[in-house]
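Numbering (our numbering), first residue to last: 24 to 397.
The C-beta atom is built at its ideal place from N, Cα and C for all residues, glycine as well.
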Ligand SMILES: Nc1ncnc2c1ncn2[C@@H]1O[C@H](COP(=O)(O)OP(=O)(O)O)[C@@H](O)[C@H]1O
Ligand SMILES: [Mg+2]
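Shown next, in the form of structure tokens:
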């Protein structure tokens with residue numbers, strides 16, 4: 024009999040879409056997460072209150088469950104556990120021994136550089152180290168090596184700002200280290216792909232909007248992007264090479280990059296998982312008509328991803344709410360073009376005007392409309 028058990032790592036809102044899709048496909052879902060009242064605790068067929076970082080404990084339990092696949096969406100931390108557990112069970116995944124180059128910003132830069140992928144100059148500093156940026160040019164950006172969601176990030180214009188930026192980044196870092204990188208100029212985008220058996224399939228480019236300096240918190244995303252058709256092939260080629268450098272073979276991926284006004288291209292970072300912020304779970308499906316969440320399950324269960332178009336592609340946009348003005352804008356959209364509203368999240372009104380990183384935004388809404396002719 025066909026094995027229809029699927030293990031999902033994580034139970035929050037984003038993961039819930041994966042749980043629901045798995046159930047729709049006829050899987051019995053076994054979900055692991057820290058118990059905190061997340062929605063997945065209720066939607067799962069079987070819920071195990073084990074934190075997603077308890078890799079060995081989860082692996083032991085999964086040896087009893089004997090699933091067809093292990094998967095997760097949109098979380099680096101969860102992806103480490105996915106590969107560890109799937110690897111331990113002999114299931115399709117990315118090599119668990121290379122998880123660090125896919126999640127540590129310094130090791131990632133190093134792996135890309137060693138493979139011949141173009142990278143800005145970079146350096147690692149740990150708490151208490153002397154900061155030496157000789158050979159590098161300002162502006163620079165300083166980030167914790169091992170955090171996400173724009174935590175602890177600062178753009179630095181000159182030498183005098185470095186120390187405070189490094190102290191701030193190391194404070195956030197689990198390993199008390201920061202990476203200092205030369206700043207890549209330009210507009211920001213991401214590229215959403217699915218890889219199976221080492222072959223990469225392009226799905227979409229996303230245009231990203233951020234608050235800009237100093238903290239670069241994402242304010243919205245749009246698909247399709249405005250990247251000219253004739254530039255896209257070359258960019259895909261470089262991204263596929265970068266995916267190879269990180270040994271991304273069996274998973275979704277989310278590559279963040281910038282293009283400056285001269286057409287120069289530079290990679291910011293890569294997640295060996297779907298893009299968060301509803302990019303992987305919603306925008307890709309809306310803008311391409313292809314079922315990305317289903318593909319993640321297919322790859323995890325050792326099947327070729329189904330790239331067929333199953334719904335009409337539309338323009339899709341997510342907007343994040345930071346302030347009262349943003350909420351007013353949403354009210355305006357509700358009045359003037361309610362047909363565009365695809366989803367409105369719950370609002371954490373306590374965060375209003377106090378957003379410091381992407382976890383402290385107030386909420387979001389997703390809009391769709393007919394694709395513009397290009
Ligand atoms: N080298 C860089 N040059 C220009 N902008 C950068 C650079 N590194 C990071 N950024 C900006 O900071 C944001 C967050 O950095 P990122 O490395 O993606 O960390 P996080 O894991 O927090 O998303 C990016 O989306 C980008 O806007
Ligand atoms: Mg990022």
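Among the options, which residue has its Cα nearest to the Cα of residue i?
i	options	result
residue 232	224, 210, 275, 219	210
residue 31	67, 304, 114	67
residue 117	197, 271, 99	271
residue 172	239, 190, 113	239
residue 36	378, 358, 305	305
residue 81	186, 92, 95, 108	108
residue 363	338, 163, 392	392
residue 144	134, 137, 158	158
residue 376	333, 350, 367, 394	350
residue 345	73, 46, 373, 320	373
residue 185	287, 166, 234, 84	166
residue 310	267, 48, 253, 215	215
Pull up the distance between the alpha-carbon of residue i and that of residue j, whole angstroms please.
i	j	result
residue 54	residue 204	38 Å
residue 76	residue 256	38 Å
residue 88	residue 28	8 Å
residue 219	residue 196	32 Å
residue 79	residue 131	25 Å
residue 384	residue 223	33 Å
residue 148	residue 193	9 Å
residue 247	residue 58	37 Å
residue 43	residue 92	15 Å
Would you say the beta carbon of residue i comes nearer than 8 Å to a heavy atom of ligand 1?
i	result
residue 98	no
residue 206	yes
residue 282	no
residue 296	no
residue 384	no
residue 241	yes
residue 166	yes
residue 72	no
Helix, strand or coil for residue i per DSSP?
i	result
residue 75	coil
residue 141	coil
residue 61	coil
residue 116	coil
residue 377	coil
residue 294	strand
residue 228	strand
residue 166	strand
residue 303	helix
Return yes when the C-beta of residue i is under 8 Å from any heavy atom of ligand 2, and no when it is not.
i	result
residue 215	no
residue 279	yes
residue 173	yes
residue 291	yes
Can the beta-carbon of residue i be found closer than 9 Å to that of residue j?
i	j	result
residue 114	residue 243	no
residue 295	residue 99	yes
residue 206	residue 230	no
residue 95	residue 38	yes
residue 250	residue 212	yes
residue 340	residue 245	yes
So is the beta-carbon of residue i under 8 Å away from any non-hydrogen atom of ligand 4?
i	result
residue 233	Annotation note on ligand 4: not contained in the displayed structure, which lists ligand 1 and ligand 2 as its ligands.
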